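Peer 1: Pasting in a structure now, in structure tokens, and then I'll have a few things to ask.
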Amino acid sequence: MAAVNRRNVFKIAVPLFAVLALSAFLVMVPAVIIDAEVPESIELNGVVEQRNCAPCHIRLDEPPSPGMIFSHGAHIMVACETCHIEPAHEAGEMNSPPMVTCFACHGVVHGQLGEIASGECSECHTVEFQLRPRTHTLDWAEKPHAELARTDTNSCMMCHTAAEECDTCHTASGLDIGPMPAQYISVLPEVPEQPLVTVYPTQPTSISQCIYCHPDIDDISPGRIIFAHSDHLRRNYDCVACHPTFGHDIETIRRPDKPSCFRCHDTAHSQAGTIATGECAACHPPGFELKPPDHTPAFESRDHRERGKSEPEYCLLCHEAPFCVECHLGRRPTGPGSEPVIPADHRTAEWMSLHGRPFLEQQGACGICHDSPTCMTCHRTVMPHPDEWLTDHTPDPGVGREDCDVCHVDQTTCQSCHHEGVRRAELTRENCVPCHEGMAHQPATEIRHKGYAEHAVHFDVARTRGEPYRCYDCHIGFGRNVAGRVDFGDAAHDMRLCYECHGSLDVFGTLIAPYRGADLCRQCHGDMGI
Numbered sequence: 001m002a003a004v005n006r007r008n009v010f011k012i013a014v015p016l017f018a019v020l021a022l023s024a025f026l027v028m029v030p031a032v033i034i035d036a037e038v039p040e041s042i043e044l045n046g047v048v049e050q051r052n053c054a055p056c057h058i059r060l061d062e063p064p065s066p067g068m069i070f071s072h073g074a075h076i077m078v079a080c081e082t083c084h085i086e087p088a089h090e091a092g093e094m095n096s097p098p099m100v101t102c103f104a105c106h107g108v109v110h111g112q113l114g115e116i117a118s119g120e121c122s123e124c125h126t127v128e129f130q131l132r133p134r135t136h137t138l139d140w141a142e143k144p145h146a147e148l149a150r151t152d153t154n155s156c157m158m159c160h161t162a163a164e165e166c167d168t169c170h171t172a173s174g175l176d177i178g179p180m181p182a183q184y185i186s187v188l189p190e191v192p193e194q195p196l197v198t199v200y201p202t203q204p205t206s207i208s209q210c211i212y213c214h215p216d217i218d219d220i221s222p223g224r225i226i227f228a229h230s231d232h233l234r235r236n237y238d239c240v241a242c243h244p245t246f247g248h249d250i251e252t253i254r255r256p257d258k259p260s261c262f263r264c265h266d267t268a269h270s271q272a273g274t275i276a277t278g279e280c281a282a283c284h285p286p287g288f289e290l291k292p293p294d295h296t297p298a299f300e301s302r303d304h305r306e307r308g309k310s311e312p313e314y315c316l317l318c319h320e321a322p323f324c325v326e327c328h329l330g331r332r333p334t335g336p337g338s339e340p341v342i343p344a345d346h347r348t349a350e351w352m353s354l355h356g357r358p359f360l361e362q363q364g365a366c367g368i369c370h371d372s373p374t375c376m377t378c379h380r381t382v383m384p385h386p387d388e389w390l391t392d393h394t395p396d397p398g399v400g401r402e403d404c405d406v407c408h409v410d411q412t413t414c415q416s417c418h419h420e421g422v423r424r425a426e427l428t429r430e431n432c433v434p435c436h437e438g439m440a441h442q443p444a445t446e447i448r449h450k451g452y453a454e455h456a457v458h459f460d461v462a463r464t465r466g467e468p469y470r471c472y473d474c475h476i477g478f479g480r481n482v483a484g485r486v487d488f489g490d491a492a493h494d495m496r497l498c499y500e501c502h503g504s505l506d507v508f509g510t511l512i513a514p515y516r517g518a519d520l521c522r523q524c525h526g527d528m529g530i
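Letter 256 of the sequence shown, counting from 1, is numbered 256 in the working numbering, and no numbers are missing.
Below, the structure is given as structure tokens:
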């Protein structure tokens, strides 16, 4: 420690004089709110300054510990490192400013200006505060205090007046040790330098961002959950899997929410089975109240439907389909329950053929009432498809093609293989109808399926052209025409391709195909009711 005589302390305390001029105003400031913006980097053990505190402490005027009377507002003109001579947090512990830093100003007399700041105990400690240090045991006046005084009597003078409390006792006890220092000498502790530790709160979460303040990341207070980081680190999970953002925000702790747990817990991964158990007792201790406090009788009987509609995934974290179905179908074990709750669109005759699209587009809340076995009573195709699926994926007996169409609405991927064998085939009834029965209808202009109609109307082109078309005459691949344009199955006809022949002349000035412009449309849409 470097000693500084109290009479000369102005050399280190000049910035404090501004506080004297502003004190009348600052005592009225109820709280100090610092910049709430989270910086890109935080120096954990560097010079203590505002930007390193803001990510966690936006309000600084709360008393740092019980029994203290303190205001950052009264010290706002003083550099943070004047009092915080050490990093505020280190190795999981909090480093509060030691008392010696207070006495670099409090009780210090600066010439005719008098005291820079009051040195009275009552100015900074409440009446309930125990002024006697915990180290001062009942026998402190005997040998213990003498052992400390052999190496340091200056610290004693922060609280004791030597002439009244020390020398008189020593004389009465017959101790020939001479007078104690007449006054306390302000000291500035020397803090050893150490390598700088920097974290980046705007970057992906990693263990290096946490380990400096949390050296034992499994030191978790028992309570709501049973958890160990080590169990997850052994499985080589990245921190961002559960902590997508930095763990601390402005005055808050960002804890992983329950849905983030269920990305693995109670989730089955094909043939590998369940990734992690979904049993409540595996993560919650005995006595933990599993039922959320907002699940009141009114919530259970009526109010839950709003959240069930807007956030069905929340309900499914704990409840499975049978739990809901028992009540919604009027089969409550404890009584008759209510009338069956069946959505209106489910009651229509066409619902069975139309429900696939809303499910795939996640427009409904199917999972509240239905689970995989429910769907598999009709959709018996193995899902997800096993690795060898492409080798032979002929539907099982009794499984219709519509089972595939539920997911494979855009069949571009399928046809890139299925049409490979007929890439050079002739566009004739004999080659197409065996697989596409809908193209057998005559006249072809009455076929309502867009793709079938576009092809079937050209089955007999050989009568006028001399030879049938082949696929590559119009296509460079399934779903693309010769101009490289994408053919969208649900869109209207791409007339640009049609007009390359219909109503156009070849190099000899001969009409390639009849029906120019709207006349071509009227061949199928006689009333133009497209």
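Every residue gets a Cβ at the ideal spot worked out from N, C-alpha and C, and that includes glycine. Please read all numbers here as calculations on a predicted model, not as lab measurements.
Can you give the Cα-Cα distance for Ala-272 and Pro-386, rounded to whole angstroms?
Peer 2: Residue 272 sits at position 272 when you count from the first residue of the sequence shown. Residue 386 sits at position 386 when you count from the first residue of the sequence shown. Between Ala-272 and Pro-386, the C-alpha separation is close to 12 Å.
Peer 1: Would the stretch 155 to 169 and the stretch 178 to 192 be scored as touching if the rule is three or more Cβ pairs under 8 Å?
Peer 2: They touch, by the three-pair rule.
Peer 1: Cα-Cα, which of Ala-74, Gly-111, Val-78 and Ala-141 is closest to Glu-123?
Peer 2: Position 123 of the sequence shown, counted from the first residue, corresponds to residue 123. The shortest CA-to-CA distance from Glu-123 to any of Ala-74, Gly-111, Val-78 and Ala-141 is the one to Ala-74.
Peer 1: Determine, using beta-carbon pairs with one atom in the stretch 447 to 465 and one in the stretch 395 to 406, whether at least three such pairs fall under 8 Å.
Peer 2: no
Peer 1: Contact defined as beta carbons within less than 8 Å: I believe Phe-129 pairs with Gly-67. What is the distance between those atoms, to the nearest angstrom?
Peer 2: For the purposes of this step, residue 129 is taken as the residue at position 129 of the sequence shown. For the purposes of this step, residue 67 is taken as the residue at position 67 of the sequence shown. At roughly 3 Å, the Cβ-Cβ gap stays under 8 Å, so Phe-129 and Gly-67 are in contact.
Peer 1: Using a threshold of 8 Å, state whether the C-beta atoms of Phe-246 and Pro-201 are closer than that.
Peer 2: Reading the sequence shown from its first residue, position 246 is the one you call residue 246. Reading the sequence shown from its first residue, position 201 is the one you call residue 201. Yes, the Cβ-Cβ distance between Phe-246 and Pro-201 is below 8 Å.
Peer 1: The beta strand (DSSP E) with Leu-188 in it runs from where to where?
Peer 2: Numbered from 1 along the sequence shown, position 188 holds the residue referred to as residue 188. 186 to 188 is the extent of the beta strand (DSSP E) around Leu-188.
Peer 1: Rounded to whole angstroms, what is the Cα-Cα separation between Thr-168 and Leu-175?
Peer 2: Sequence index remark: in the sequence shown, residue 168 carries index 168 (1-based). Sequence index remark: in the sequence shown, residue 175 carries index 175 (1-based). Roughly 10 Å separates the two Cα atoms.
Peer 1: Name, in chain order, the residues that DSSP records as bridge partners for Ala-267.
Peer 2: Here residue 267 refers to the residue found at position 267 of the sequence shown. First, the amino acid is wrong: residue 267 is Thr here, not Ala. Beta-bridge pairing links Thr-267 to no other residue.
Peer 1: When you compare only the Cα positions, how much space is there between Met-99 and Arg-59?
Peer 2: Position 99 of the sequence shown, counted from the first residue, corresponds to residue 99. Position 59 of the sequence shown, counted from the first residue, corresponds to residue 59. For Met-99 and Arg-59, the distance between alpha carbons rounds to 23 Å.
Peer 1: Does DSSP put Arg-302 in a helix, in a strand, or in coil?
Peer 2: Counting from 1 along the sequence shown, the entry for residue 302 is found at position 302. Residue state, collapsed to three classes: helix.
Peer 1: Looking at the unbroken alpha helix (DSSP H) that takes in Glu-430, where does it start and where does it end?
Peer 2: The count along the sequence shown starts at 1 and reaches residue 430 at position 430. From DSSP, the alpha helix (DSSP H) with Glu-430 extends over 429 to 432.
Peer 1: According to DSSP, simplified to helix, strand and coil, what is Thr-348?
Peer 2: The sequence position of residue 348 within the sequence shown is 348, counting from 1. Residue state, collapsed to three classes: coil.
Peer 1: Can you tell me the Cα-Cα spacing of Glu-446 and Asp-460, whole angstroms?
Peer 2: In the sequence shown, residue 446 corresponds to position 446, counting from 1. In the sequence shown, residue 460 corresponds to position 460, counting from 1. So the alpha carbons of these two residues sit roughly 16 Å apart.
Peer 1: Thr-252 bridges to which residues according to DSSP?
Peer 2: Within the sequence shown, residue 252 is the residue found at index 252, counting from 1. Thr-252 pairs with Asp-249.
Peer 1: So, Cys-471 versus Arg-424, is the Cβ gap smaller than 8 Å?
Peer 2: Translated into the one-based positions of the sequence shown, residue 471 becomes position 471. Translated into the one-based positions of the sequence shown, residue 424 becomes position 424. Going by C-beta atoms, Cys-471 is nearer than 8 Å to Arg-424.
Peer 1: Whole angstroms is fine: what's the gap from Pro-286's alpha carbon to Pro-292's?
Peer 2: To locate residue 286, count along the sequence shown from 1; it is residue 286. To locate residue 292, count along the sequence shown from 1; it is residue 292. Using only the alpha carbons, I get a separation of about 16 Å.
Peer 1: Looking only at its own chain, which residues have a Cβ that is under 7 Å from the Cβ of Ala-149, when we skip the five neighbours before and after it?
Peer 2: Translated into the one-based positions of the sequence shown, residue 149 becomes position 149. Cys-156, listed in sequence order.
Peer 1: Give the straight-line distance between the Cα atoms of Gly-278 and His-232, rounded to the nearest whole angstrom.
Peer 2: In the sequence shown, residue 278 corresponds to position 278, counting from 1. In the sequence shown, residue 232 corresponds to position 232, counting from 1. Roughly 15 Å separates the two Cα atoms.
Peer 1: Distance check for Asp-139 and Pro-189, CA to CA, integer angstroms please.
Peer 2: As a first step, residue 189 is located in the sequence shown; it is residue number 189 there, counting from the start. As a first step, residue 139 is located in the sequence shown; it is residue number 139 there, counting from the start. If you take the alpha carbons of Pro-189 and Asp-139, they lie about 29 Å apart.
Peer 1: Against chain C, with Cβ distances strictly below 8 Å, would Pro-286 count as a contact?
Peer 2: No chain C appears in this structure, which consists of one protein chain only.
Peer 1: Output the distance between the C-alpha atoms of Thr-589 and Ser-65, rounded to the nearest integer angstrom.
Peer 2: Not covered by the structure: residue 589. The range shown for the chain is 1 to 530.
Peer 1: Which residue or residues does DSSP assign as beta-bridge partners of Met-99?
Peer 2: In the sequence shown, counting from the first residue as 1, residue 99 sits at position 99. Answer by DSSP bridge pairing: none, since Met-99 is not bridged.
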